[in-house]
Amino acid sequence: MTLDLTEAVLIDIDLAGCNLQSANFIKAHFTGAASFGGAIFGGTTRFDGVMFGGNARFDGAMFGGNARFDGAMFGSDAWFDGATFGGDVGFGGVMFGGTTRFDGAMFGGDVGFGKAMFGGNARFDGATFGGTARFGEATFGGTVGFGGVMFGGTTRFDGTTFNGDARFGGVTFGGTARFGEATFGGTVGFGKATFGGNARFGGVMFSGTTWFGEAMFNGAAWFGEAKFGGNARFDGAMFSGDAWFGGAMFSGDAWFGGVMFGGTVGFGGAMFGGTTSFDGAALAGTSYDGPKPVAE
Numbered sequence: 147m148t149l150d151l152t153e154a155v156l157i158d159i160d161l162a163g164c165n166l167q168s169a170n171f172i173k174a175h176f177t178g179a180a181s182f183g184g185a186i187f188g189g190t191t192r193f194d195g196v197m198f199g200g201n202a203r204f205d206g207a208m209f210g211g212n213a214r215f216d217g218a219m220f221g222s223d224a225w226f227d228g229a230t231f232g233g234d235v236g237f238g239g240v241m242f243g244g245t246t247r248f249d250g251a252m253f254g255g256d257v258g259f260g261k262a263m264f265g266g267n268a269r270f271d272g273a274t275f276g277g278t279a280r281f282g283e284a285t286f287g288g289t290v291g292f293g294g295v296m297f298g299g300t301t302r303f304d305g306t307t308f309n310g311d312a313r314f315g316g317v318t319f320g321g322t323a324r325f326g327e328a329t330f331g332g333t334v335g336f337g338k339a340t341f342g343g344n345a346r347f348g349g350v351m352f353s354g355t356t357w358f359g360e361a362m363f364n365g366a367a368w369f370g371e372a373k374f375g376g377n378a379r380f381d382g383a384m385f386s387g388d389a390w391f392g393g394a395m396f397s398g399d400a401w402f403g404g405v406m407f408g409g410t411v412g413f414g415g416a417m418f419g420g421t422t423s424f425d426g427a428a429l430a431g432t433s434y435d436g437p438k439p440v441a442e
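Residue numbers for the sequence shown follow the working numbering, beginning at 147 and rising by one.
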């Protein structure tokens, strides 16, 4: 089936399970619920500038080609659980008004959520990103979950705002992970996360408790000029490459117990406002510039 419903007004549409070879919904207005659960989109799919007035369900949908949702507005909940995207996907500038779910979704190509706004809670738990994933300057208004996500390529959260808690526990970043100048308003969890490439957290603002316990940094890690407003926990983390915390500010307690530093370590100019512990930390690299000697 081929559909071209550009600028159409659609009321309580139900295309769940349909097989659409080509679909164009540019600037369409969906009044009421819109159901595309389990639908198959064979070619390029366009939802640019669409307005969804009610709940929008794409759970289990399959997009064989590129999919564009840039500038769309979801007035209520948006469900993409278990959806499969075979090509590139664009959600740039999208406004999600309610709960947003991409749990278990699979993105085969590049994905863009740049400047998207998530008004409610957002979940990507268990999702897989095969290409570059861009969330730069996006805003998450509620709690956001990326637990167990697999990022295969470069991941960009530059300038992203997280107003609620952010959960990245057990995430795997296959390429470079960029969070420069991001703002975290709540509790942040990167416990047991794996950074396969370089990790860039320069200038990040962590307002609440921050967890990097047992995280693995296989490339260089930059936390220069980062600000930790609450307690910061890096217990048991492993830094295989260089680790830079120059100019960072730790307002609460800072725990680096049992950390393994494999490369050059720099804490020059860092400020520690609370209890600081490096008990059992080990240095295997060539130099250390920190607030306390590290046991070798």
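Think of the CB as a built atom: it goes at the ideal place given N, C-alpha and C, for glycine as much as any other residue.
Shown here, residue 246 sits in a strand according to DSSP, grouped into three states. In the displayed model, residue 185 falls within coil according to three-state DSSP, outside both helix and strand. Between the beta-carbon of residue 303 and that of residue 331 there is about 14 angstroms, and that puts the pair past the 8 angstroms contact cut.
Beta-bridge pairing by DSSP links residue 257 to 235, 279.
According to the DSSP assignment, residue 169 belongs to the beta strand (DSSP E) that extends over 168–170. Across the structure, residue 159 and residue 286 are spaced so that their CA atoms are roughly 28 angstroms apart.
Here the C-alpha atom of residue 162 lies approximately 4 angstroms from the C-alpha atom of residue 182. Annotated as proximal: residue 291 and residue 270, with beta-carbon spacing under 8 angstroms. Proximity to residue 195 across 205, 301, 215 peaks at 215, based on C-alpha coordinates. Annotation for residue 319: 297, 301, 339, 340, 341, 342, 343, 345 place their beta carbon closer than 8 angstroms to its own, counting only its chain and skipping 5 residues before and after. Residue 206 is not a Cβ neighbour of residue 190, given a cutoff of 8 angstroms.
Just measuring C-alpha positions, the residue of 197, 237, 391, 384 sitting nearest residue 412 is 391. Rounded to whole angstroms, the separation of the alpha carbons of residue 289 and residue 192 is 29 angstroms. Around the beta carbon of residue 310, 16 or more other beta carbons lie within 10 angstroms, which makes this residue buried. For residue 222 and residue 359, the gap between their C-alpha atoms comes out near 36 angstroms. Of 274, 178, 334, the smallest CA-CA separation from residue 156 is found for 178.
In the assembly as shown, residue 416 is a buried residue. Its beta-carbon has 16 or more other beta-carbons within 10 Å.
Take the alpha-carbon of residue 266 and the one of residue 366: they are about 34 angstroms apart. By the C-beta density criterion, residue 377 is buried, having at least 16 other C-beta atoms within 10 angstroms.
Residue 309 carries a coil assignment under DSSP once its states are collapsed to helix, strand and coil. Between the alpha carbons of residue 232 and residue 241 lies a gap of roughly 23 angstroms. Of the residues 385, 350, 422, 230, the one whose Cα lies closest to the Cα of residue 213 is 230.
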